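Residue numbers (our numbering): 13 to 547. We treat Cβ as the ideally placed atom computed from N, Cα and C, and that holds for glycine. Values in this document were obtained by computation on a predicted structure and should not be read as measured data. See below for the structure under consideration.
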């Protein structure tokens, strides 16, 4: 009651304090209020003689200097909840924080360190007479990340306030050099405590700032999936590199019509042309000849359908549909039209931006099943990065992979390519890639017969998703990137320019001798189904 007269306590604070007193052992202090102002701290100190058992303690607080730019990678710390109590004395200390998301959560035990102890002799008044025994604690370890902070900053700024995600990885080592999800949140706010209004603003935001879209956002890949379909078809022998298919602007199957994004068609297409110009009709036919089982098997070899095991919590696996999956999940038989629509990366198919980056890396690194990682080393002293494992071969024909890589080169560098306007003009830094534009609404026959509305004529939530996957340099690939912009419009107009700028920055930094491994962000001491509209 005396304390309440100095710093008034709310009913909720009173209930929490009484609950903590009952829950904790008698010698464990209970936090009444954190983050006191200097004025309130002084008032308590002045009245200390009248407040027996009450004392002010100087605590430590985690600081995230890069704020929103690394929020989804690092995560944040917050107060220990009852279900996180494990018997570790550290967790009983007032104000102690544990990792709740991101790297903070996945490496919480290493970052936390180990508690020490001190046994003391006290007199009848509770005053310490002498120390009997002391066991020193162990400081938390240093976690070194693969993130290049300069590149990470550029990627986050380039995405801006779009609801988007981008991932950059080294195609040979799997090191994640940048991973951004926007909009983001300030992790420092979770450390000091969010107000009810702030929390509500975060959870009600339709652009989902709390979600790490790079690993948990699931999207139809659209035309970025066409390389997987082509590889499956070539492996089966359903087509050859020289096979030609005529595109009239649509394909009919039974009483259904499947449209190409180019209304009047592309004409005669071979495999390279179809990737370069993103012809839908070519891939409708190829998918029909290949079959969903072969397509699904290739997609899984390229890293889709299951979590990749990135060292972050909350990764989702996406979905690579098969007849068996549909029978189990929907209790329905697979239809031929569903195979056709999967051929252009739509229908039930879902992937994450991380999976798209890994797919791209596997396509251009010689066919090795590289897996992504964020942690380079965990040590109590700075040391060398951990050596990565040797990645197994995917056993895909080198000739087929070369065809795909060359076609992706032409997407950006041929005048007929869907991303030609976003090419990198510097020959030694030239990029390859693949555009994707995924509709989120159904276009009716009546609309096709009159005029299909453009993205800028639609509400934001009805606009197409924009995607791009890319790599650079084309002659000796090192970097793979994926960009997904929710409701961003066209892959060629929105996502491709972003990817170009990211790949330019990655190569520029490498050329300047910048490190692409553990940056300052990695040093973390722990204190106390529709048709394709465009390629």
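- Residue 483 sits close to residue 376, with the two beta carbons spaced by under 8 angstroms.
- Only residues of its own chain outside the window of five on either side were considered, and among them 379, 380 have a CB closer than 7 angstroms to the CB of residue 405, listed in chain order.
- Counting only the Cα atoms, residue 336 lies some 17 angstroms from residue 352.
- Residue 315 holds the alpha-carbon nearest to the alpha-carbon of residue 362 among 519, 216, 315.
- The beta carbon of residue 134 sits closer than 7 angstroms to the beta carbons of 140, 141 from its chain, once the five residues preceding and following it are set aside; these are given in chain order.
- Under DSSP, residue 89 takes part in a beta bridge, and its partners are 111.
- Across the set 293, 498, 187, 428, the C-alpha of 293 shows the shortest separation from the C-alpha of residue 263.
- One Cα belongs to residue 201, the other to residue 47, and the distance between them is close to 12 angstroms.
- Proximity of the stretch 108-126 to the stretch 463-481 falls short of the contact definition, fewer than three beta-carbon pairs being nearer than 8 angstroms.
- Around the CB of residue 273, 16 or more other CB atoms lie within 10 Å, so the residue is classed as buried.
- Contact fails between the stretch 278-298 and the stretch 327-346, because fewer than three Cβ pairs, one in each stretch, are under 8 angstroms apart.
- At the C-beta level, residue 437 and residue 429 stay beyond 8 angstroms of one another.
- Comparing C-alpha distances from residue 523 to each of 279, 235, 440, 136 shows the shortest one belongs to 440.
- Counting along the chain, the unbroken beta strand (DSSP E) around residue 271 starts and ends at 268-271.
- Here residue 467 carries a helix assignment [DSSP, helix/strand/coil].
- Excluding sequence positions up to five before and after residue 57, its CB lies within less than 7 angstroms of the CB of 68, all in the same chain and listed in chain order.
- The beta-carbon distance between residue 384 and residue 225, rounded to whole angstroms, is 15 angstroms. This is too long to meet the 8 angstroms contact definition.
- Taking the C-beta atoms as reference points, residue 203 is found nearer than 8 angstroms to residue 73.
- Residue 182 is positioned such that its CB atom lies closer than 8 angstroms to that of residue 491.
- Looking at the backbone, the Cα of residue 303 and that of residue 251 are separated by about 12 angstroms.
- Per DSSP, residue 343 lies in no alpha helix (DSSP H) and is assigned neither H nor E.
- Contact check between the stretch 234-250 and the stretch 446-454: three or more CB pairs, one atom from each, fall below 8 angstroms, which counts as touching.
- Per DSSP, the beta-bridge partners of residue 479 are 448, 496.
- DSSP places residue 24 in no beta strand (DSSP E) but in the uninterrupted alpha helix (DSSP H) bounded by 23-35.
- Pairing residue 382 with residue 184 gives a Cβ-Cβ distance under 8 angstroms.
- By the neighbour-count definition (other C-beta atoms within 10 Å, threshold 16), residue 132 is an exposed residue.
- Judged by beta-carbon spacing, residue 214 lies beyond the 8 angstroms limit of residue 189, meaning their Cβ atoms are not closer than that value.
- Here residue 468 is exposed, its C-beta having fewer than 16 other C-beta atoms within 10 Å.
- The three-state secondary structure of residue 131, taken from DSSP, is strand.
- With a cutoff of 8 angstroms on beta-carbon distance, residue 475 and residue 501 are scored as near each other.
- Counting only runs of at least 4 residues, the stretch 232-262 fully encloses the following alpha helix (DSSP H) elements, listed from N- to C-terminal order: 238-248.
- If you draw a straight line from the Cα of residue 88 to the Cα of residue 341, it is about 36 angstroms long.
- For residue 413, the closest C-alpha among the options 495, 321, 242, 359 is that of 242.
- For residue 215, the enclosing alpha helix (DSSP H) stretches over residues 208-216.
- Looking at the DSSP output, residue 194 sits in a beta bridge with 176.
- Secondary structure remark: continuous beta strand (DSSP E) runs of at least 3 residues inside the stretch 273-326, in chain order: 279-281.
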